[in-house]
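One structure below.
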Amino acid sequence: MILSIVILILILDQSSKFLASKFLTLNSPIPVLGGIFNFTLVHNRGAAFGILRNQVPFFILTAGLAITLILLNLRNNKHKQPFIYNFALGLILAGGLGNLIDRVIFGHVVDFIDFKIWPVFNIADSAITIGAIILGWSICFRKSAG
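Per our numbering, the sequence shown starts with residue 6, numbered consecutively.
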(Lines of atoms letter the chains of each structure in order from A; the text may use other names.)
(Lines give C-alpha, C1' and ligand atoms only; values in the text may rest on other atoms or scores of the structure.)
Protein backbone atom coordinates (compact mmCIF):
# COMPACT_ATOMS: atom_id res chain seq x y z
CA MET A 6 0.00 0.00 0.00
CA ILE A 7 2.75 2.48 0.94
CA LEU A 8 4.60 1.68 -2.32
CA SER A 9 1.45 2.56 -4.29
CA ILE A 10 1.21 5.91 -2.50
CA VAL A 11 4.88 6.67 -3.19
CA ILE A 12 4.51 5.80 -6.88
CA LEU A 13 1.30 7.86 -7.23
CA ILE A 14 2.87 10.93 -5.63
CA LEU A 15 6.02 10.56 -7.74
CA ILE A 16 3.94 10.38 -10.92
CA LEU A 17 1.87 13.43 -9.92
CA ASP A 18 4.97 15.36 -8.89
CA GLN A 19 7.11 14.62 -11.92
CA SER A 20 4.28 15.03 -14.45
CA SER A 21 3.19 18.36 -12.92
CA LYS A 22 6.81 19.61 -12.98
CA PHE A 23 7.11 18.50 -16.61
CA LEU A 24 3.93 20.40 -17.54
CA ALA A 25 5.00 23.48 -15.58
CA SER A 26 8.39 23.50 -17.31
CA LYS A 27 6.76 23.04 -20.73
CA PHE A 28 3.99 25.62 -20.46
CA LEU A 29 5.21 28.26 -17.99
CA THR A 30 7.88 30.90 -18.48
CA LEU A 31 10.53 31.16 -15.78
CA ASN A 32 9.67 33.75 -13.10
CA SER A 33 6.52 34.93 -14.93
CA PRO A 34 3.43 34.48 -12.75
CA ILE A 35 0.12 33.44 -14.27
CA PRO A 36 -2.64 34.67 -11.95
CA VAL A 37 -5.37 32.21 -10.96
CA LEU A 38 -8.26 32.78 -8.53
CA GLY A 39 -8.20 36.56 -8.66
CA GLY A 40 -4.49 36.83 -8.01
CA ILE A 41 -4.63 34.92 -4.71
CA PHE A 42 -2.89 32.01 -6.36
CA ASN A 43 -0.41 31.95 -9.25
CA PHE A 44 1.40 29.42 -11.34
CA THR A 45 4.99 30.69 -11.28
CA LEU A 46 7.84 28.59 -12.63
CA VAL A 47 10.87 28.86 -10.35
CA HIS A 48 14.13 26.92 -10.35
CA ASN A 49 15.00 26.46 -6.68
CA ARG A 50 18.74 25.93 -6.31
CA GLY A 51 18.50 25.88 -2.51
CA ALA A 52 16.56 24.10 0.19
CA ALA A 53 13.28 25.24 1.73
CA PHE A 54 12.78 28.97 1.24
CA GLY A 55 15.85 29.00 -1.05
CA ILE A 56 18.40 28.68 1.77
CA LEU A 57 21.84 27.18 1.07
CA ARG A 58 21.72 28.04 -2.64
CA ASN A 59 23.83 26.07 -5.10
CA GLN A 60 24.75 23.27 -2.68
CA VAL A 61 23.50 20.51 -5.01
CA PRO A 62 25.99 17.80 -3.90
CA PHE A 63 25.08 18.44 -0.26
CA PHE A 64 21.34 18.18 -1.01
CA ILE A 65 21.79 15.00 -3.05
CA LEU A 66 23.81 13.39 -0.27
CA THR A 67 21.38 14.52 2.44
CA ALA A 68 18.33 13.37 0.46
CA GLY A 69 19.98 10.03 -0.28
CA LEU A 70 20.71 9.51 3.40
CA ALA A 71 17.17 10.49 4.44
CA ILE A 72 15.63 8.21 1.81
CA THR A 73 17.83 5.32 2.93
CA LEU A 74 16.85 5.83 6.58
CA ILE A 75 13.16 6.00 5.69
CA LEU A 76 13.38 2.81 3.62
CA LEU A 77 15.20 1.02 6.44
CA ASN A 78 12.61 2.23 8.94
CA LEU A 79 9.72 1.08 6.76
CA ARG A 80 11.35 -2.32 6.17
CA ASN A 81 12.36 -2.94 9.79
CA ASN A 82 9.10 -1.73 11.33
CA LYS A 83 6.70 -3.66 9.15
CA HIS A 84 3.57 -4.30 11.21
CA LYS A 85 5.15 -2.77 14.34
CA GLN A 86 4.04 0.80 13.70
CA PRO A 87 0.51 1.94 12.96
CA PHE A 88 -0.44 2.55 9.32
CA ILE A 89 -0.55 6.32 9.83
CA TYR A 90 3.13 6.36 10.85
CA ASN A 91 4.14 4.39 7.75
CA PHE A 92 1.85 6.51 5.58
CA ALA A 93 3.59 9.66 6.83
CA LEU A 94 7.00 8.14 6.06
CA GLY A 95 5.71 7.21 2.61
CA LEU A 96 4.71 10.81 1.91
CA ILE A 97 8.10 12.10 3.04
CA LEU A 98 9.84 9.42 0.98
CA ALA A 99 7.87 10.28 -2.17
CA GLY A 100 8.54 13.99 -1.76
CA GLY A 101 12.23 13.42 -1.10
CA LEU A 102 12.52 11.21 -4.18
CA GLY A 103 10.64 13.72 -6.35
CA ASN A 104 12.94 16.59 -5.44
CA LEU A 105 16.03 14.35 -5.59
CA ILE A 106 15.17 13.41 -9.18
CA ASP A 107 15.06 17.12 -10.07
CA ARG A 108 18.40 17.86 -8.42
CA VAL A 109 20.13 14.93 -10.11
CA ILE A 110 18.70 15.66 -13.57
CA PHE A 111 18.53 19.49 -13.60
CA GLY A 112 20.70 20.68 -10.71
CA HIS A 113 17.67 22.45 -9.19
CA VAL A 114 14.13 21.72 -8.03
CA VAL A 115 11.22 22.78 -10.24
CA ASP A 116 8.66 24.77 -8.21
CA PHE A 117 5.46 26.30 -9.60
CA ILE A 118 2.68 26.54 -6.96
CA ASP A 119 2.58 30.13 -5.75
CA PHE A 120 0.21 31.46 -3.09
CA LYS A 121 2.15 34.77 -2.99
CA ILE A 122 2.28 34.79 0.85
CA TRP A 123 4.51 31.71 0.86
CA PRO A 124 7.55 30.70 -1.20
CA VAL A 125 6.79 28.88 -4.45
CA PHE A 126 6.62 25.10 -3.97
CA ASN A 127 5.64 21.83 -5.70
CA ILE A 128 3.77 18.58 -5.04
CA ALA A 129 6.87 16.90 -3.56
CA ASP A 130 7.26 19.75 -1.07
CA SER A 131 3.59 19.38 -0.13
CA ALA A 132 4.01 15.63 0.41
CA ILE A 133 7.04 16.21 2.64
CA THR A 134 5.23 18.87 4.69
CA ILE A 135 2.02 16.88 5.10
CA GLY A 136 4.03 13.74 5.90
CA ALA A 137 6.08 15.58 8.53
CA ILE A 138 2.92 16.95 10.18
CA ILE A 139 1.27 13.52 10.22
CA LEU A 140 4.48 11.90 11.48
CA GLY A 141 4.79 14.43 14.31
CA TRP A 142 1.15 13.96 15.21
CA SER A 143 1.44 10.16 15.17
CA ILE A 144 4.53 10.26 17.40
CA CYS A 145 3.05 12.76 19.87
CA PHE A 146 -0.30 11.05 20.20
CA ARG A 147 0.48 7.37 19.88
CA LYS A 148 -0.67 5.18 22.70
CA SER A 149 2.15 3.96 24.90
CA ALA A 150 2.58 0.22 24.96
CA GLY A 151 2.09 -1.27 28.34
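Don't be surprised by glycine CBs; every beta carbon is placed ideally from N, CA and C.
Computed from a predicted model, the values in this text were never measured in an experiment.
Restricting attention to Ala68, Gly95, Thr67, the CA atom closest to the CA of Arg80 is found in Gly95. Ile35 sits in a strand when the DSSP states are folded into three classes. Taking C-alpha positions only, Val114 is separated from Phe64 by approximately 11 Å. CA-CA distance, Ile41 to Leu70, rounds to 37 Å. By the beta-carbon neighbour count (other beta carbons within 10 angstroms, threshold 16), Val109 is exposed.
Under the 10 Å beta carbon count, Ile12 is surrounded by fewer than 16 other beta carbons and is classified as exposed. Taking all protein chains in view, the Cβ of Thr45 is crowded by 16 or more other Cβ atoms within 10 Å, so the residue is classified as buried.
Boundaries of the alpha helix (DSSP H) around Ile10: 7-28. For Ile110, there is no enclosing beta strand (DSSP E); the enclosing alpha helix (DSSP H) covers residues 88-111. Between the segment 130-138 and the segment 32-41, the count of Cβ pairs shorter than 8 Å is below three; the stretches do not touch. Taking the Cβ atoms as the reference, Asp119 lies roughly 6 Å from Pro34, within the contact range of under 8 Å. Val125 sits in coil when the DSSP states are folded into three classes, being neither helix nor strand. 9 Å or more divides the Cβ of Ile97 from the Cβ of Lys22.
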